[in-house]
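Chemist: Residue numbers (the UniProt record's numbering): 1 to 848.
All residues carry an ideal CB built from backbone N, CA and C; glycine is no exception.
Since the model is a prediction, treat every value here as computed from it, not as a measurement.
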Amino acid sequence: MSRYSAAEIEAKWQEAWSQAELFKAVRSADKPKYYVLEMFPYPSGRIHMGHVRNYTMGDVIARYKLATGHNVLHPMGWDAFGMPAENAAMAIGGHPKDWTYSNIADMRGQMKPLGLSIDWSREFATCDPEYYGQQQALFIDFMDKGLAYRKNAVVNWDPVDMTVLANEQVIDGKGWRSGADVERRELTQWFFKISDYSEELLDALDTLDNWPAKVKLMQANWIGKSRGLQFAFGLIDGPHGTDRIEVYTTRPDTLMGASFVGISPDHPLAKQLERDTPDVAEFCALCRKGGTTAEAIETAEKLGYDTGLRVRHPFDTAWELPVYIANFILMDYGTGAIFGCPAHDQRDFDFATKYDLPINPVFIPTGAEEAPLTQAFTPLKSETVHYVRGFAGEAAQTGDDAVATAIDFCESNGVGQGVTKFRLRDWGLSRQRYWGCPIPIVHCDTCGVVPEKKENLPIELPYDVTFDTPGNPLDRHPTWRNCSCPTCGEPALRETDTMDTFVDSSWYYARFTAPHASTPTDMAEAEYWMNVDQYIGGIEHAILHLLYSRFFARAMQITGHLPPKAIEPFNALFTQGMVTHEIYLTRDAAGRPVYHLPEDVTDGKLADGTAVEIIPSAKMSKSKKNVVDPDQIIAQYGADTARWFVLSDSPPERDVEWTASGAEAAFKHLARVHRIATEAASSDTAANPTEDDALLRAMHKAIHDVTGGVESFGFNASIAKLYAFTNAVAKSKAGAATKQQAAKTLAQLMSPMTPHLSEELWQLLGGDGLIASAPWPQADEAMLVDETVTLPIQINGKRRAEISVPADMPKEEVEKLVLAHDAVIRALDGAQPKKLIVVPGRIVNVVV
RNA sequence: GCGGGCGUGAUGGAAUGGUAGACAUACCAGACUUAAAAUCUGUUGGGCCUUGUGCCCGUGUGGGUUCGAGUCCCACCGCCCGCACCA
């Protein structure tokens, strides 16, 4: 009897699939299409278990859909632009392009042995000029429709390296390389006008029935629609004729609790004062220290500067409020100015306490007495409270009602107007870096900012660049910038900024439908293949990538690159959990962390005996080096074992901590299946009606349960059922024919997960053609219903006994049986039951 | 700080509001073997005693809704993800 040899089997069947061109996606009218897509990888150089998990899940769906008669599109590509390539060039020399393409070759080489049902003929990398040239064409079309424009935005500025830093490169407010204090500085940048679609992107979330509710909720909160009041405080003796400060508030009902007005350090008034007053300039400079992230700004110590200016309260001109410049007020939300109501906002409360400002409650809990506050009182807006300083509506009303009546009152009294605002900002796409898609723009002294001619695309990155000094190599390239103006033909300069890599990944799904078209898409192909029926990727992309992609689908429709049906490009989304692993690190002389790969760490020590610090269970990331190499598992046990293992241990949506312990067990199981099927194939046991029927029932139950698991992303549940069915087959005394039928079905049910082994067993058991193209087995409903069921009997909700009854026994009969049961008689002790609940086929509860 | 999620045996986890711990790992015991590996079989949440078709406790903590809560609601604790220049 032959042993299970993964290496032999896997190479053989991969070749067979390739010969049969089984996974090549071709448009065809005779089958329904199915487009399954996993988020494409960044070519870091090595695949890790997270990739294996992601692509195996997609592959299960793709193979299952193939078996259920679909025309499947399952492509793969590379999200190939980005910082790590430049960092590598700086750290170890070499060129980002060479580094990236060499990584892609390595990773493709690691992925192919996994036996994924991918149409490799559609592969591309976003750094291919063929791809990014079309992206430049899209940019020009977007610009044409007013969807791309320029304005100022703040960036992280490293004053020592004289360069822009990514948020990731700012550590505790300091530049990662120079260690200098980072400052926020304004630059002119390109933006996509995603804010035009705020309402639309929010409303359309309701149509995404097969998206996780949590993702939709996160996106809705991110878009952040709010209804509020915009109005002005009159400024007393403002500088340079400034006579008012516009504020926006979502809580106009708390206007009578106002105790100060705060403006952003970037507010025009602050900037005016900054020019005139050294103290203000000093304070604003202090506020601009640190990185640009919301997190950095919001967790920084709250600082205020009393400008000495005063404003009048809109309801009482005798009531004056001080004007502070405060570091926690963002210029790009609302008007960049707020009024503080310390009684009902904890941040304002802390601020008022610090600067000794009044704290006057506007409302108090219903039935309570007004009392001094020790912290802000911030009930949900849906809660009814008692207004003690209200000015519109009843004394007792909900916050929501009070806000609405306050807006009405203010509008009818000429104090501002109700407005709807969104938190979503326009998408800044300029990056002052080399390894990205060049923005196809020319700066001409006479014509200004002009788009490049489409026939000149792609604007290719120059190869001859150096990374020995910080900053963008395109800026210091001797000739690349020089060009002629597309409008007047005079000498002009190219834009040297490149695009955010999120742009690359915002339309790759569309490009896969026609990866080599000479326009961004081919409408006939897009019409056929769009939408992505199932998109699979990490929850970390819940907001940005998915929101940007939704915006791009709309923008591409307006510019004629996608059909209307693709307005929401992803019909169904599944967010897999992340693969986590411990992080191992030591410290360099300056105390900065140095990370180590798991394979270099044994028993908490490096090879030279140095003990490492261990950070438990963190997201696998190249930069932290807590990645695990699947190669070794594939070499030792085969791809099927790796695939089976990553699917079996954890629910797909949950994080999984990678451990080596399960791999061997997975291998043993596959070897066992191989053995069982081999035995079945050579069995000559005579038919046995009772045993045969029992095995067939188990088989149909397995078909039903495994199929249900695959369709609902319960791959771990499917695998548990496959274990149970394997045990049933192994133990069964059924006749040879039935056992062979069961073994064939087992192979088929396993085939999306372990395609190579399944092909081998299919052939061994005399299956027709390739299992990969065999029709998926159907469960016979009649074989799924048991004739008798075990009914647990609960007494006061606790299980105390059980009875076995025919599945279709009427409720009344069940009740009689239950009341006659010893345990029930004992519990009742002669009394009548208070209640008797019979849930047919499930449970009985007796309340005594 | 803000937004979102998760929390069940020694471990990964299962469980349309209906028998908590399926399925697996690990451990232990047994069979086979000169031995080991492999394989096969069986046990395993905690406690109590009267060892039973027994009782009590048990799904992060504390409350609540319900005939019945791991599941729904509220509060808290812990961990994870995102926060617009990491991808």
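1. Cα separation between Ala774 and Ala67?
2. What do you get for Ile236, buried or exposed, if any count of 16 or more other CB atoms within 10 angstroms of its CB means buried?
3. Would Pro563 and Thr498 be called neighbours here (beta carbons separated by less than 8 Å)?
4. Could you check if Ala285 is buried or exposed, using at least 16 other CB atoms within 10 Å of its CB as the buried criterion?
5. Using three-state DSSP, classify Ile558 as helix, strand or coil.
6. Which runs of the alpha helix (DSSP H) fall wholly inside the stretch 667-742 and span at least 4 residues, in chain order?
7. So, Ile543 versus Gln219, is the Cβ gap smaller than 8 Å?
8. Please confirm whether Ile567 and Leu424 have their CB atoms less than 8 Å apart.
9. Taking Gln794 as the reference, give the member of Val805, Asp276, Ala823 with the closest Cα.
10. Tell me which residue opens and which closes the beta strand (DSSP E) that Pro268 is part of.
11. Going by the CB atoms, is the gap between His267 and Gly340 shorter than 8 Å?
12. How close, in whole Å, do the beta carbons of Phe715 and Val60 come, if the pair is a contact with beta carbons under 8 Å?
13. State the start and end residues of the unbroken alpha helix (DSSP H) segment that holds Ser804.
14. Whose C-beta lies closer than 7 Å to the C-beta of Thr754 among residues of the same chain, with five residues either side of it excluded?
15. Nearest by alpha-carbon distance to Phe725: which of Arg227, Val673, Val388, Glu246 is it?
16. Checking 8 Å against the spacing of the C-beta atoms, do Gly538 and Thr501 come in under that value?
17. Please classify residue 888: does DSSP put it in a helix, a strand, or coil?
18. Here's the rule: buried if 16 or more other CB atoms are within 10 angstroms of the residue's CB, otherwise exposed. What is Leu757?
19. Kindly indicate which residue of Asp79, Gln432, Ser549, Glu760 has the alpha-carbon position closest to the one of Tyr4.
20. If we call anything under 8 Å between Cβ atoms a contact, is Asp106 one with Gly45?
21. Report, in whole angstroms, the separation of the C-beta atoms of residue 850 and Tyr34, which I expect to be a contact under 8 Å.
22. CB-CB under 6 Å to Val415, same chain, minus the five flanking residues each way: which ones, in chain order?
23. Could you check whether His477 and Pro462 sit closer than 8 Å to each other, using their CB atoms as the reference points?
24. Please report the Cβ distance between Thr707 and Ala779, rounded to the nearest whole angstrom; I am assuming they are in contact, meaning their Cβ atoms lie under 8 Å.
25. Just verifying my parser: in three-state terms, what is the DSSP assignment at Arg511?
26. Nearest CA to the CA of Val247: which residue from Gly228, Pro265, Thr466?
27. Would you kindly work out how many angstroms separate the C-alpha atoms of Lys441 and Val465, rounded to a whole number?
28. Does the distance from the CB of Ser259 to the CB of Leu357 come in under 8 Å?
29. Would you call the stretch 727-738 and the stretch 693-702 touching, i.e. three or more CB-CB distances under 8 Å?
30. Can you give the Cα-Cα distance for Leu73 and Lys24, rounded to whole angstroms?
31. The beta strand (DSSP E) with Phe23 in it runs from where to where?
32. Can you tell me which of Thr559, Lys151, Thr254, Ser648 puts its alpha carbon nearest to the alpha carbon of Met523?
33. Answer with buried or exposed for Ser18, where buried requires no fewer than 16 other C-beta atoms within 10 angstroms of its C-beta.
34. What residues in its chain sit with their C-beta under 7 Å from that of Lys421, if we drop five residues either side in the sequence?
35. Tell me which same chain residues have a C-beta within less than 7 Å of the C-beta of His700, skipping the five on either side of it?
36. Tell me the residue span of the beta strand (DSSP E) that contains Gln189.
Modeler: On the basis of the data shown:
1. Taking the straight line joining both Cα atoms gives about 6 Å.
2. So Ile236 counts as exposed.
3. Contact flag unset, no.
4. Ala285 should be labelled exposed.
5. Helix.
6. List check, alpha helix (DSSP H) in window: 689-711, 715-731.
7. The answer is yes: Cβ separation under 8 Å.
8. Ile567 is not a Cβ neighbour of Leu424, given a cutoff of 8 Å.
9. Looking at the Cα atoms, Ala823 is the closest of the given residues.
10. Per DSSP, Pro268 lies in no beta strand (DSSP E); the unbroken alpha helix (DSSP H) holding it starts and ends at 268-276.
11. No, the Cβ-Cβ distance between Gly340 and His267 is not below 8 Å.
12. Sure, about 6 Å apart at Cβ, within 8 Å.
13. No alpha helix (DSSP H) holds Ser804; the beta strand (DSSP E) holding it covers 798-806.
14. Residues Asp640, Arg643, Trp644, Leu670 of the same chain have their beta carbon placed closer than 7 Å to that of Thr754, with the five preceding and five following residues left out of the count.
15. If we check each option's Cα against that of Phe725, Val673 comes out closest.
16. Note that the C-beta distance between Gly538 and Thr501 is not below 8 Å.
17. Coverage of the chain is limited to positions 1 through 848, which leaves residue 888 absent and any answer about it impossible.
18. So Leu757 counts as buried.
19. In terms of Cα proximity to Tyr4, the closest of Asp79, Gln432, Ser549, Glu760 is Glu760.
20. Yes.
21. No statement about residue 850 is possible, as the shown extent of the chain runs from 1 to 848 and does not include it.
22. Contacts found: Phe231, Pro314.
23. Yes. Within cutoff.
24. Confirmed, about 7 Å.
25. Correct three-state label for Arg511: helix.
26. When each option's Cα is compared against that of Val247, the closest is Gly228.
27. First, the residue type needs correcting, since residue 441 is Ile and not Lys in the sequence shown. Approximately 20 Å, taken between the alpha carbons.
28. For Ser259 and Leu357, yes; Cβs fall inside 8 Å.
29. With three or more CB-CB distances shorter than 8 Å, the stretch 727-738 counts as touching the stretch 693-702.
30. Rounded to the nearest whole angstrom, the CA to CA distance from Leu73 to Lys24 is 8 Å.
31. Under the DSSP assignment, Phe23 falls outside any beta strand (DSSP E); it carries neither an H nor an E label.
32. The residue with the shortest Cα to Cα distance from Met523 is Thr559.
33. With fewer than 16 other Cβ atoms within 10 Å, it is exposed.
34. Counting only Cβ-Cβ distances below 7 Å, and skipping sequence neighbours, we find Ser226, Gly228, Tyr248, Gly334.
35. Closer than 7 Å at the Cβ level, and outside the excluded window around His700, lie Ala779, Asp780, Met783, Leu784.
36. Residues 183-192.
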